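Following the working numbering, the numbering of the sequence shown begins with 24 at its first residue and continues without gaps. Below is one structure, written out as structure tokens; the observations come after it.
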Amino acid sequence: NEIVRLTHLWPEKSEKVQSLANLIIEQHLSDLSFVQLCEDTIQVNKDNPVAYQYLATAYFSIGMFSESIQTYRRILQFRPDDTFTLRRIGDVFARINEYDNAIHYYTRAIKINKDPIALRSVGAIFYQQGKYKQAIDAWKLIPREVSFFKYGEIIFPEECLGRKELIKKAKI
């Protein structure tokens, strides 16, 4: 509740507050009471997209993927061009191996502002599917000053664009 209140008091910094909230959420991933807290917050203010954001993230974290997608879509009713939300829906679809749906939402984020995280994610899906040229094409659109870290098995641009074997697979 405090995080939601902070985003109202400090709207120009809401993305930073949201990052802090995501760290807090990660500490409560297996705690269903956190989901209940988010749901209760929404009952108090049904028009608070930030509360929906936390709820959707909490659902995702405990494996309630369809609820997560539904909640993220609710956020898009408030903010249809929210690239963070579009990426997160893509992430949920990617997690449940619905890659066409994931690409759809990532592409929407890319069309809005060439979102580098969405470009990375689309490239990772193409790479996993063996569509190496499409992966490289997506990654080439990412500005060079953008850097990513390695997380799990996801392959990031700075690790791939220079790989000779990837370029050979793509037949470039």
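Glycine residues also receive a C-beta, built at the ideal position from the N, C-alpha and C atoms. Since the structure is predicted, the reported quantities are computational estimates derived from the model, not experimental observations.
query: What did DSSP end up calling Asp138 once you bin it into helix, strand or coil?
result: In the structure shown, Asp138 sits in coil (DSSP, three-state: anything other than H, G, I, E or B).
query: If you count every other CB in all the chains shown that lies within 10 Å of the CB of Val67, and 16 or more means buried, which is it?
result: Val67 should be labelled exposed.
query: For Ile92, which three-state DSSP category applies?
result: Reduced to three states, the DSSP call for Ile92 is helix.
- prompt: How many angstroms separate the CA atom of Arg110 from the CA atom of Ala141?
  reply: Between the C-alpha atoms of Arg110 and Ala141 there is a straight-line separation of about 6 angstroms.
- prompt: In whole angstroms, what is the alpha-carbon distance linking Lys69 and Ala125?
  reply: Answer to the nearest angstrom: the Cα atoms are 27 angstroms apart.
query: What are the start and end residues of the alpha helix (DSSP H) that includes Gln76?
result: Element bounds for Gln76: Pro72 to Ser84.
message: For a test of the three-state rule: what should DSSP assign to Asp104, helix, strand or coil?
response: Here Asp104 sits in coil by DSSP.
- prompt: What three-state label does DSSP hand Leu164 in the structure shown?
  reply: Secondary structure at Leu164: coil, using DSSP grouped into helix, strand and coil.
message: Rounded to whole angstroms, what is the Cα-Cα separation between Ala147 and Leu60?
response: Rounded to the nearest whole angstrom, the CA to CA distance from Ala147 to Leu60 is 34 angstroms.
- prompt: In angstroms, rounded to a whole number, what distance separates the CA positions of Lys137 and Thr94?
  reply: Lys137 and Thr94 have their C-alpha atoms some 24 angstroms from each other.
query: Do Ala81 and Phe101 have their CB atoms nearer than 7 angstroms?
result: No, these two residues do not count as a Cβ contact at 7 angstroms.
Nonlocal neighbours in the same chain, by C-beta distance under 6 angstroms from Gln157, ignoring five residues either side: Sequence-distant partners of Gln157 (beyond 5 residues in either direction) whose C-beta falls short of 6 angstroms from its own C-beta, in its chain, are Phe149.
query: How many Å lie between Asp104 and Tyr129 at the Cα?
result: Near 12 angstroms, if we compare the C-alpha coordinates of Tyr129 and Asp104.
7 angstroms Cβ cutoff met for Pro139 and Ile165: Remark: C-beta atoms of Pro139 and Ile165 approach each other more closely than 7 angstroms.
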